[in-house]
Amino acid sequence: MTDHTATPRSFSASIPLKGRIAIPGDKSISHRSLMLSALAVGESRVTGLLEGHDVLATAAAMRAMGATIERQDDGEWRIHGVGVGGLLQPREALDMGNSGTSTRLLMGLVASHPITTTFIGDASLSGRPMGRVIDPLSQMGADISASPGGRLPLMVRGLAPAIPLAYRLPMASAQVKSAILLAGLNTPGITEVIEPVPTRDHSERMLRGFGADLTVDTDADGTRHIRIRGEAELKPQTIVVPGDPSSAAFFIVAALLVPGSDVLIANVGLNPTRAGLVEILKQMGGDIELLDPRTVGGEPVADLRVRHSALKGIDVDPAIVPSMVDEFPILFVAAALAEGRTATTGLDELRVKESDRIAVMATGLKAIGARVEENEDGLIIDGTGGDALPGGATVAGHLDHRICMSFAIAGLVSKAPVTIDDIAPVATSFPNFEQLLAGLQQ
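Start counting at 1 in the sequence shown, then tack on 594, and there's your number in the working numbering.
Here you go:
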């Protein structure tokens, strides 16, 4: 199992944030670009890849199964793939660290290959349930032995040829959808995912980009039918990874909350299945301007100019949850300084992330003086109307990068410093977070 030493860090009231930053590459797209490049025949090139622990765990896993993956001195990554169906038996367990995305997507990938793969991870990942991926992959013929509760460590014995499946997602999950589609790549016939609530569609966009035969039809009620024809031959690609909107979120909220701030965040991916936070913050009165909107590698991208704003509390429509599920921790911080009440519902998914993000954010926000009420599926927050929070507490990050960064931003708008018990998990998704923040405070 992976382990690390706790690194406490305090964050204090900030001067106005000024300047321009470029955030790291999108995590979801980085994972998928490595996986699909490793299954293409020939050399793919990827620039802008997020080089955090989670994505590096995916790279290591694909290397262990036969792909050649090399980082060039200029930051470009070159991947020589093994072809769909060509994954090799890894010699040892694949260590996924803290990455739920790597685990669930790779389980799908190996489920339709004739290999046996063991997945392990750190304490946080080993506490996360994998049952909703295990169920459909088992129906496709994979033999999966998991630890109690459907958790890691677990072993996947793939079946080739696997059995094509038409699977209706019981709950919105891009990871489950993607796992099934990736298993379908090496499965004869048509594999179909029926998605009643749309989730992030990076897998569909990228599979098509690599040449997979994939169609999406939408019913009158909004249900999506995603079909992939198996035994695909993927063609190598050149990919430019846009900036991660989930990472941009922390700086968007920081610029809105810290008085006098004016920040330009370059090259942010604004895929409509991911851009819910920007929409909600605008509804709250946030001054967020989209500059130079463009399309890069099939993904919409823009530069964001964000200025300090007086936010107002709102009732967040639960329909927007899938497009901003990872951004709720930082939205809760914004709500804590808004004028009036912000109410969120439909956030059940947050209870099974890297931590129980509803409970952990409620506890931490209360500790630094915010007025918070926790419900089964969300939080109700009465904001300060723009006044700084009291702060002055140590908050437990629970090995969850998004919790840690959310409370770091809360510290910038608190009267007394906010200390996070361990900042190290931030490296899983945003290795230069503190460096970029310091650059805006000069």
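Ideal Cβ placement from N, Cα and C applies to all residues, glycine included.
What separation, rounded to the nearest whole angstrom, lies between the Cα atoms of residue i and residue j?
i        : j        : result
Gly-1037 : Glu-873  : Here the chain comprises residues numbered 595 to 1036, so residue 1037 is not present and cannot be evaluated.
Pro-618  : Leu-1031 : 13 Å
His-707  : Val-787  : 20 Å
Phe-713  : Gly-691  : 10 Å
Arg-639  : Asp-648  : 19 Å
Arg-899  : Leu-885  : 7 Å
Val-857  : Ala-843  : 12 Å
Thr-596  : His-995  : Any reading at Thr-596 must be qualified, since the residue scores a pLDDT of 46, below 50, and its modelled position is unreliable; the value itself is stated next. Looking at the two C-alpha atoms, the distance is approximately 16 Å.
Ile-952  : Asp-911  : 17 Å
Pro-887  : Pro-894  : 7 Å
Lys-906  : Ala-766  : 29 Å
Arg-603  : Val-1012 : 8 Å
Gly-679  : Gly-715  : 25 Å
Leu-941  : Ser-917  : 12 Å
Pro-1025 : Arg-665  : 17 Å
Arg-657  : Arg-935  : 49 Å
Ala-754  : Ile-820  : 22 Å
Gly-824  : Ile-882  : 42 Å
Leu-801  : Val-704  : 16 Å
Ile-757  : Gly-783  : 9 Å
Asn-865  : Ala-896  : 10 Å
Thr-641  : Ile-615  : 17 Å
Ser-718  : Ser-631  : 28 Å
Met-734  : Ala-826  : 17 Å
Ala-961  : Ala-860  : 34 Å
Arg-672  : Arg-799  : 21 Å
Thr-939  : Glu-970  : 8 Å
For residue i, collect the residues of the same chain with a Cβ closer than 7 Å to its Cβ; drop the 5 residues on either side in sequence, then sort them by chain order.
i       : result
Leu-699 : His-625, Met-629, Gln-769, Ser-772, Ala-773 and Leu-776
Ala-904 : Gly-879, Glu-933 and Gly-980
Cys-998 : Gly-991, Ile-1014, Ile-1017, Pro-1019 and Val-1020
Ala-956 : Val-966, Glu-968 and Leu-973
Leu-611 : Ala-848, Ala-849, Val-852, Ser-855, Val-857, Leu-1034 and Gln-1035
Met-659 : Leu-681, Leu-682 and Pro-684
Hey, could you find the ends of the alpha helix (DSSP H) residue i is sitting in?
i        : result
Ala-632  : 621–633
Phe-844  : 839–851
Ile-952  : 951–961
Leu-905  : Segment: none, Leu-905 is in no alpha helix (DSSP H) and carries neither H nor E.
Phe-1001 : 995–1006
Glu-967  : Looking at the DSSP string, Glu-967 is not in any alpha helix (DSSP H); the run it does join, the beta strand (DSSP E), is 965–969.
Gly-1033 : 1027–1034
Ile-924  : 922–931
Leaving out five residues before and five after residue i in sequence, what residues of the same chain have Cβ atoms less than 8 Å from its Cβ?
i        : result
Lys-1009 : Ala-607, Ala-982, Leu-983, Pro-984, Gly-985 and Gly-986
Ser-741  : Ser-720, Pro-747 and Leu-748
Gly-702  : Val-727, Leu-731, Ser-772, Ala-773, Ile-774, Leu-775, Leu-776 and Ala-777
Met-724  : Thr-697, Arg-698, Met-701, Ala-740, Gly-744, Arg-745, Leu-746 and Leu-748
Gly-636  : His-674, Gly-675, Lys-829 and Pro-830
Arg-794  : Ser-622, Ala-768, Asn-865, Thr-867, Arg-868, Pro-916 and Ser-917
Gly-613  : Val-857, Leu-858, Gly-1033, Leu-1034 and Gln-1036
Within its chain, find whatever has a CB closer than 6 Å to the CB of residue i; leave out the 5 residues flanking it on each side and keep chain order.
i        : result
Arg-722  : Gly-694
Leu-644  : Pro-618, Gly-619, Lys-621 and Ser-624
Pro-790  : Thr-817
Gly-963  : Leu-983 and Pro-984
Thr-832  : Arg-639
Val-919  : Glu-943
Ser-1000 : Pro-923, Ile-924 and Val-927
Ala-937  : Asp-909 and Ile-974
Ala-760  : Glu-786
Thr-978  : Leu-931
Glu-948  : Ser-718 and Asp-994
What first and last residue would you give for the beta strand (DSSP E) that runs through residue i?
i       : result
His-674 : 671–674
Leu-885 : 881–890
Arg-722 : Taken as a continuous stretch (DSSP letters only), Arg-722 belongs to no beta strand (DSSP E), as it is neither H nor E.
Glu-873 : Careful: Glu-873 lies outside any beta strand (DSSP E), inside the alpha helix (DSSP H) at 870–877.
Leu-858 : 856–863
Ala-937 : 935–937
Ile-984 : Looking at the sequence shown, residue 984 is not Ile but Pro. Start and end: 983–985.
Ala-616 : 612–616
Arg-665 : 662–665
With DSSP as the reference, identify every bridge partner of residue i, one or two as the case may be.
i        : result
Val-1012 : Phe-605
Thr-641  : Val-834
Ser-739  : Met-749
Asp-648  : Per DSSP, none; premise fails for Asp-648.
Ile-714  : Asp-689
Glu-893  : Val-890
Gly-980  : Beta-bridge pairing links Gly-980 to no other residue.
Arg-899  : Leu-858 and Glu-883
Leu-828  : Ala-634
Taking 7 Å as the cut-off, does the CB of residue i come closer than this to any heavy atom belonging to the ligand NAP?
i       : result
Asn-865 : Ligands displayed in this structure: none; no statement on the ligand NAP is therefore possible.
task = Tell me the start and end of each unbroken alpha helix (DSSP H) in the region 781–823 that is at least 4 residues and wholly inside, in chain order.
result = 796–803
- Enumerated in chain order, which unbroken segments of the beta strand (DSSP E) with a length of 3 residues or greater are wholly contained in the region 742–786? 745–751 and 760–762
Exercise for review: Please specify which runs of the alpha helix (DSSP H), each continuous and at least 4 residues long, are wholly inside the region 670–712, giving them in chain order.
Suggested key: 694–705
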